[in-house]
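**Student:** Residue numbers (this note's numbering): 1173 to 1491. We treat Cβ as the ideally placed atom computed from N, Cα and C, and that holds for glycine.
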């Protein structure tokens, strides 16, 4: 059998995601196409690679051996591809990054640490985008990349590369009346009319809880209170001072520790997409494209509940 890199990558992603559906999303394939790829491998090998319908997913001895091979080979291939890119276009560059997401430090800092080792000659700078409008600064060339969930379709010359999709969840005190309803899974906008919303100190129009949940329903909360840090917001919620909407990955550790409870925002949940905004004239720079890959890979490896985004629009609206 000829073992191809795409086979090893597919198996590796299947291990990371734990399901064919999630693996197909990550690989930008249909579930049918991915199933066909695995069947093709198994037919050539004459043995199964993993146990279908097992929860959690279990690999056979053959599957584990190929995963081990992938762990040995795929990182070396990535290094070689990066080195070839450096030879083709040079190693130096500048990457001034601004973020519009308080919770993003949880995955961005590990991504930057990995990237710094791979591209030591690239000058990295990081700043908060909360006290100025970073997208016009990106257009002017003052910045090179902006992490945002609010693309501006009116700004020309920008490309919004989707990093991942995530769910905004409502954190409530474990003693909150809604938390006492054992079958309760979601909350409707009108049920938050009497609640104090705890938010990051940013403009209301940048907050998904208002823009995509409360405002469309014409609901105004009883009050708004701000806190700079996620841990401060969770502490206020835990002590019954209000409720707050946080990305599922940012809320995960506090749920695991039993500090707060969570509810979906609406019966289908409130999902958003995080983008890396870059200028279109930067898209072919190898050090930039490799940063996008590193950021995406780090996010999927470290964050709970995020999903791959299937499209990569030149100008996109929030999910």
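Residue range of the beta strand (DSSP E) that residue 1287 falls in?
**Tutor:** Not the beta strand (DSSP E): residue 1287 falls in the alpha helix (DSSP H), residues 1277-1290.
**Student:** Please classify residue 1408 as buried or exposed, where buried requires at least 16 other C-beta atoms within 10 Å of its C-beta.
**Tutor:** buried
**Student:** CA-CA distance, residue 1285 and residue 1437?
**Tutor:** 34 Å
**Student:** For residue 1385, tell me which candidate among 1396, 1362, 1401 has the shortest Cα-Cα distance.
**Tutor:** 1362
**Student:** Could you check where the alpha helix (DSSP H) with residue 1185 kicks off and where it finishes?
**Tutor:** 1177-1189
**Student:** Shortest alpha-carbon distance to residue 1415 belongs to which of 1367, 1314, 1198?
**Tutor:** Here the closest residue by C-alpha is 1367.
**Student:** With DSSP as the reference, please indicate the residues paired to residue 1358 in a beta bridge.
**Tutor:** 1436
**Student:** Suppose the cutoff is 7 Å on Cβ atoms and the five residues either side in sequence are ignored; what does the same chain contact list for residue 1189 look like?
**Tutor:** Around residue 1189, the same chain offers 1195, 1198 as residues with beta carbons nearer than 7 Å, after the five sequence neighbours per side are excluded.
**Student:** Are there 16 or more other CB atoms within 10 angstroms of the CB of residue 1339, so buried, or fewer, so exposed?
**Tutor:** Looking at its Cβ environment, which holds 16 or more other Cβ atoms inside 10 Å, residue 1339 is buried.
**Student:** Tell me which residues share the same chain as residue 1455 and place their Cβ nearer than 7 Å to its Cβ, disregarding the 5 neighbours each side in the sequence.
**Tutor:** These residues qualify, in order along the chain: 1331.
**Student:** One question on the structure: do residue 1192 and residue 1239 come within less than 8 Å of each other, judged by their Cβ atoms?
**Tutor:** no
**Student:** Which complete beta strand (DSSP E) runs does the stretch 1405-1484 hold, if anything under 3 residues is left out?
**Tutor:** 1416-1419, 1433-1437, 1442-1451
**Student:** What are the partner residues of residue 1213, as DSSP defines its beta bridges?
**Tutor:** Residue 1213 is not bridged to any residue.
**Student:** Kindly indicate the opening and closing residues of the alpha helix (DSSP H) around residue 1311.
**Tutor:** 1306-1312 is the span of the alpha helix (DSSP H), which, as asked, contains residue 1311.
**Student:** Determine, using beta-carbon pairs with one atom in the stretch 1422-1437 and one in the stretch 1343-1352, whether at least three such pairs fall under 8 Å.
**Tutor:** yes
**Student:** Please determine, among 1351, 1225, 1293, 1281, the residue with the shortest C-alpha to C-alpha distance to residue 1265.
**Tutor:** 1293
**Student:** Hey, quick one: how far does the alpha helix (DSSP H) through residue 1197 stretch, first residue to last?
**Tutor:** 1192-1199
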